[in-house]
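Undergrad: Position one of the sequence shown corresponds to residue 0 (numbering that gives the first Met the number 0), numbered consecutively onward.
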Amino acid sequence: MKPALSQFGVEMSRLSGVRAIMKDIIETLRAGAGQNFINLSAGNPVILPEVEQLWRDCTFDLLASPDYGDVVCRYGASQGYQPLVDAVVQDFNRRYGLRLTDRNVLITPGSQNLYFLAANAFGGYAANGDLRKIVLPLSPDYTGYGGVTLTPEALIAYKPELDIDEGSHRFKYRPDFSRLTINEHTGCVIFSRPCNPTGNVLTNDEVNKITTLAAAHDVPVLIDSAYAPPYPALNFTEMTPTFGENVLHCMSLSKAGLPGERIGIAIGDADIIGVLEAFQTNLCIHSPRYGQAIAARAIRSGALGEIAVNVIRPFYQQKIAVVEEALNQAMPSDLPWFLHRGEGAIFAWLWLNNLPVTDWEFYQQLKSVGVIVVPGSTFFPGLHDAWDHKQQCLRISLTGTDEELRTAMQRLAEVYVKTMKATQTR
Ligand SMILES: Cc1ncc(COP(=O)(O)O)c(C=O)c1O
Numbered sequence: 000m001k002p003a004l005s006q007f008g009v010e011m012s013r014l015s016g017v018r019a020i021m022k023d024i025i026e027t028l029r030a031g032a033g034q035n036f037i038n039l040s041a042g043n044p045v046i047l048p049e050v051e052q053l054w055r056d057c058t059f060d061l062l063a064s065p066d067y068g069d070v071v072c073r074y075g076a077s078q079g080y081q082p083l084v085d086a087v088v089q090d091f092n093r094r095y096g097l098r099l100t101d102r103n104v105l106i107t108p109g110s111q112n113l114y115f116l117a118a119n120a121f122g123g124y125a126a127n128g129d130l131r132k133i134v135l136p137l138s139p140d141y142t143g144y145g146g147v148t149l150t151p152e153a154l155i156a157y158k159p160e161l162d163i164d165e166g167s168h169r170f171k172y173r174p175d176f177s178r179l180t181i182n183e184h185t186g187c188v189i190f191s192r193p194c195n196p197t198g199n200v201l202t203n204d205e206v207n208k209i210t211t212l213a214a215a216h217d218v219p220v221l222i223d224s225a226y227a228p229p230y231p232a233l234n235f236t237e238m239t240p241t242f243g244e245n246v247l248h249c250m251s252l253s254k255a256g257l258p259g260e261r262i263g264i265a266i267g268d269a270d271i272i273g274v275l276e277a278f279q280t281n282l283c284i285h286s287p288r289y290g291q292a293i294a295a296r297a298i299r300s301g302a303l304g305e306i307a308v309n310v311i312r313p314f315y316q317q318k319i320a321v322v323e324e325a326l327n328q329a330m331p332s333d334l335p336w337f338l339h340r341g342e343g344a345i346f347a348w349l350w351l352n353n354l355p356v357t358d359w360e361f362y363q364q365l366k367s368v369g370v371i372v373v374p375g376s377t378f379f380p381g382l383h384d385a386w387d388h389k390q391q392c393l394r395i396s397l398t399g400t401d402e403e404l405r406t407a408m409q410r411l412a413e414v415y416v417k418t419m420k421a422t423q424t425r
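Laid out in structure tokens, this is it:
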């Protein structure tokens, strides 16, 4: 049967960004069963034994407590499970000297859901017909933003400035404030910090500039903190979360070991939270409560904050060091390759300047030597400018073993040199 789809139906039945690539990767792995692929495409965090144990302990505690029936056998408030909301309020007030109350917190079924609520509550067509833009101030950014709006023409991303260190083969994206436009036609602003895919951490100064531009027009700024402190604390460089009247601090517990439980947390102004809460009630009533109940325990006891800093962060920080060293050794110093500064998150981002083939073709060549990464062009949602750079990057997941990462970087370097030489001799 082929039911007729509405405009929204057409939009939402399309696989966007990395999900489309994942289909190809799953088919490749299936077709090559038995072939030993090094799969560095994953966005799934590694299951670390200490982290798994934490969630197991919290589950035991929940099972043994009189709260169990109330948690899983009852509907609850749309805003979230009250003990989790309270735990977040107390933890953030203590850590950051804030004066949050429970009206400042909303729990969603995963943070992807939160961006969907915000993108459609603040972005899209206003009652007067005005198109309110969803602004991504620094492209590339999280591929999932490409799928969150019911009004795709509302999504607009800005090309960055490139801060390049030729000698060390490193670079960093910076927002181009000469082009960034946030005005009365802006519905909301979204960026990830630390950034998936690049590992970039916008400086406090850059964040303040963006939030100040937005505040002048009462525009909410969603700071996607899926990798930020206090949990999972996947920042390898110093950073402090930013709060403010128009700032929504958006968290995810996925990289803190609970991707399957779907927990997103928004912290911000009570009016903004109220809008999103009502949207959530209409959409799905509330987030599942089992995950919220174990998260409340892990946050209240301080165990989550500690494991983030002592286990999760060092694990990935060591992995980025392995990738850096392997690339430094394997890649030729006379070719224009640049690794983005690894300031956080669980990925390395490699830019192969002047690459004579597209990132998609390069991805295929890497597959033929048993290595799977993600072609970078999927990480520029909303960026309509023609720009070669969009086809010159790769996202490498840090979820491999050290051995896998070294072997993969060695093979990548060989394919790269071969590709570059092939054009020189043409
Ligand atoms: C930057 C960023 N934001 C949001 C998400 C979505 O996370 P969640 O599992 O909370 O929906 C991800 C997932 O990888 C991410 O990398």
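Every residue gets a Cβ at the ideal spot worked out from N, C-alpha and C, and that includes glycine. Owing to the predicted nature of the structure, the values given are computational and were not obtained by experimental measurement.
(1) Between the alpha carbons of residue 270 and residue 30, how many angstroms are there, rounded?
(2) Report the rounded CA-to-CA distance for residue 267 versus residue 246, giving the unit in angstroms.
(3) Thinking residue 154 and residue 380 are a contact (beta carbons under 8 Å), I'd like their distance in whole angstroms, please.
(4) Measuring CB to CB, does residue 198 end up less than 8 Å from residue 388?
(5) Residues around ligand 1, please: the condition is that the C-beta lies closer than 6 Å to some non-hydrogen atom of it.
(6) Distance check for residue 120 and residue 6, CA to CA, integer angstroms please.
(7) Give the DSSP-derived three-state secondary structure of residue 27 in the structure shown.
(8) Out of 284, 179 and 209, point me to the one whose CA is closest to residue 192's CA.
(9) Three or more beta-carbon pairs under 8 Å between the stretch 252-260 and the stretch 62-75, yes or no?
(10) So, is residue 112 buried or exposed, given that buried needs 16 or more other C-beta atoms within 10 angstroms?
(11) Just mark residue 158 as buried or exposed, buried being the case when its beta carbon has 16 or more other beta carbons within 10 Å.
(12) What is the rounded straight-line gap between the Cα of residue 406 and the Cα of residue 414?
(13) Considering just the uninterrupted stretch of the beta strand (DSSP E) at residue 393, what are its terminal residues?
(14) Quick one: what does DSSP say residue 388 is sitting in, helix, strand or coil?
(15) With distance defined between alpha-carbon atoms, name the residue in 20, 66, 1 and 16 nearest to residue 291.
(16) My output table needs one value for residue 343: the three-state DSSP class, helix, strand or coil.
(17) Please return the same chain residues whose Cβ sits closer than 8 Å to the Cβ of residue 312, not counting the five positions on each side in sequence.
(18) Going by C-alpha to C-alpha distance, which of 325, 397, 49 and 133 sits closest to residue 309?
(19) So, with DSSP's three-state summary, where would you put residue 305?
(20) Figure out for me which residue from 214, 98 and 133 has the closest Cα to the Cα of residue 151.
(21) Leaving aside the five residues before and after residue 136 along the sequence, list all residues of the same chain whose C-beta is less than 7 Å from its C-beta, in chain order.
(22) Give the single residue among 322, 418, 54 and 284 whose Cα lies nearest to the Cα of residue 79.
(23) Should residue 377 go down as buried or exposed, given a rule of 16 or more other Cβ atoms within 10 Å for buried?
(24) Short of 7 Å in beta carbon distance, which residues of its chain neighbour residue 71, apart from the five on each side in sequence? Order them along the chain.
(25) Roughly how many angstroms separate the alpha carbons of residue 382 and residue 350, rounded to a whole number?
(26) So within the stretch 101-126, which uninterrupted beta strand (DSSP E) runs reach at least 3 residues, ignoring any that extend past its ends?
(27) Determine the DSSP secondary structure at residue 191, reduced to helix, strand or coil.
(28) What first and last residue would you give for the alpha helix (DSSP H) that runs through residue 59?
(29) In angstroms, rounded to a whole number, what distance separates the CA positions of residue 316 and residue 259?
(30) Could you tell me how far apart the beta carbons of residue 367 and residue 39 are, in whole angstroms, since I believe they sit closer than 8 Å?
(31) Can you tell which of 226, 83, 131 and 143 has its C-alpha closest to the C-alpha of residue 21?
(32) Rank 172, 416, 204 and 263 by C-alpha distance to the C-alpha of residue 107 and give the top, closest one.
(33) For a test of the three-state rule: what should DSSP assign to residue 135, helix, strand or coil?
(34) Suppose you measure from the CA of residue 68 to the CA of residue 295; what does that come to, to the nearest Å?
TA: So, to answer that:
(1) For the purposes of this step, residue 270 is taken as residue 271 along the sequence shown, with counting starting at 1. For the purposes of this step, residue 30 is taken as residue 31 along the sequence shown, with counting starting at 1. When rounded, the distance between both Cα atoms is 51 Å.
(2) In the sequence shown, counting from the first residue as 1, residue 267 sits at position 268. In the sequence shown, counting from the first residue as 1, residue 246 sits at position 247. Rounded to whole angstroms, residue 267 to residue 246 spans 6 Å at the Cα level.
(3) Counting from 1 along the sequence shown, the entry for residue 154 is found at position 155. Counting from 1 along the sequence shown, the entry for residue 380 is found at position 381. The Cβ separation is near 6 Å, so the contact holds.
(4) Position 199 of the sequence shown holds residue 198. Position 389 of the sequence shown holds residue 388. With respect to residue 388, residue 198 sits apart: the two C-beta atoms are not nearer than 8 Å.
(5) Every residue passing the under-6 Å Cβ criterion appears here: 42, 109, 110, 111, 141, 143, 191, 195, 223, 225, 251, 253, 258 and 263.
(6) For the purposes of this step, residue 6 is taken as residue 7 along the sequence shown, with counting starting at 1. For the purposes of this step, residue 120 is taken as residue 121 along the sequence shown, with counting starting at 1. For residue 6 and residue 120, the distance between alpha carbons rounds to 18 Å.
(7) Start at 1 with the first residue of the sequence shown, and residue 27 comes out as number 28. The answer is helix: DSSP assigns residue 27 an H, G or I state.
(8) Taking the first residue of the sequence shown as position 1, residue 192 is located at position 193. Comparing Cα-Cα distances from residue 192 to each of 284, 179 and 209, the minimum goes to 209.
(9) Taking 8 Å as the limit for Cβ pairs, the verdict is that the stretch 62-75 does not touch the stretch 252-260.
(10) In the sequence shown, residue 112 corresponds to position 113, counting from 1. That one is buried.
(11) Locating residue 158 in the sequence shown gives position 159, counting from the first residue. Burial is judged here by how many other beta carbons sit within 10 angstroms of a residue's own beta carbon; residue 158 has at least 16 and is buried.
(12) One-based indexing of the sequence shown puts residue 406 at position 407. One-based indexing of the sequence shown puts residue 414 at position 415. Rounded to the nearest angstrom, the two C-alpha atoms are 12 Å apart.
(13) Taking the sequence shown and counting its residues from 1, the one referred to as residue 393 is at position 394. Looking at the DSSP string, the run of the beta strand (DSSP E) that includes residue 393 is 392-396.
(14) Translated into the one-based positions of the sequence shown, residue 388 becomes position 389. In the structure shown, the three-state DSSP call for residue 388 is helix.
(15) Taking the sequence shown and counting its residues from 1, the one referred to as residue 291 is at position 292. Closest option to residue 291, Cα to Cα, is 66.
(16) Counted from its first residue, the sequence shown places residue 343 at position 344. Of the three classes helix, strand and coil, the one that applies to residue 343 here is strand, per DSSP.
(17) Numbered from its first residue, the sequence shown carries residue 312 at position 313. Result list for residue 312: 231, 232, 233, 234 and 235, in chain order.
(18) Within the sequence shown, numbered from 1, the residue matching residue 309 stands at position 310. Of all alpha-carbon atoms in 325, 397, 49 and 133, the one lying nearest the alpha-carbon of residue 309 is that of 49.
(19) On the sequence shown, position 306 is the one that residue 305 refers to. For residue 305, the secondary structure class from DSSP, reduced to helix, strand or coil, is helix.
(20) Translated into the one-based positions of the sequence shown, residue 151 becomes position 152. When each option's Cα is compared against that of residue 151, the closest is 133.
(21) Here residue 136 refers to the residue found at position 137 of the sequence shown. Here the set comprises 157, 174, 179, 188, 190 and 209.
(22) Taking the sequence shown and counting its residues from 1, one reaches residue 79 at position 80. Nearest of 322, 418, 54 and 284 to residue 79, Cα basis: 284.
(23) On the sequence shown, residue 377 is found 378 positions in, with the first residue counted as 1. With 16 or more other Cβ atoms within 10 Å, it is buried.
(24) Here residue 71 refers to the residue found at position 72 when the sequence shown is read from its first residue. So the qualifying residues of the chain are 288 and 289.
(25) For the purposes of this step, residue 382 is identified with residue 383 of the sequence shown, where counting begins at 1. For the purposes of this step, residue 350 is identified with residue 351 of the sequence shown, where counting begins at 1. Near 17 Å, if we compare the C-alpha coordinates of residue 350 and residue 382.
(26) Fully enclosed beta strand (DSSP E) runs of 3 or longer: 104-107.
(27) Taking the sequence shown and counting its residues from 1, one reaches residue 191 at position 192. The DSSP-derived three-state label of residue 191 is strand.
(28) Here residue 59 corresponds to residue number 60 of the sequence shown, with the count starting at 1. Per DSSP, the continuous alpha helix (DSSP H) segment holding residue 59 begins and ends at 48-63.
(29) Within the sequence shown, residue 316 is the residue found at index 317, counting from 1. Within the sequence shown, residue 259 is the residue found at index 260, counting from 1. One C-alpha to the other measures close to 24 Å.
(30) Residue 367 sits at position 368 when you count from the first residue of the sequence shown. Residue 39 sits at position 40 when you count from the first residue of the sequence shown. By a beta-carbon distance limit of 8 Å, residue 367 does not contact residue 39. Their separation comes to about 15 Å.
(31) Along the sequence shown, read from residue 1 onward, the residue named residue 21 stands at position 22. Of the candidates 226, 83, 131 and 143, 143 places its Cα closest to the Cα of residue 21.
(32) Numbered from 1 along the sequence shown, position 108 holds the residue referred to as residue 107. The shortest Cα separation from residue 107 among 172, 416, 204 and 263 belongs to 263.
(33) Mapped onto the sequence shown, residue 135 falls at position 136. DSSP, reduced to helix, strand and coil, places residue 135 within a strand of the structure shown.
(34) By one-based count along the sequence shown, residue 68 stands at place 69. By one-based count along the sequence shown, residue 295 stands at place 296. So the alpha carbons of these two residues sit roughly 16 Å apart.
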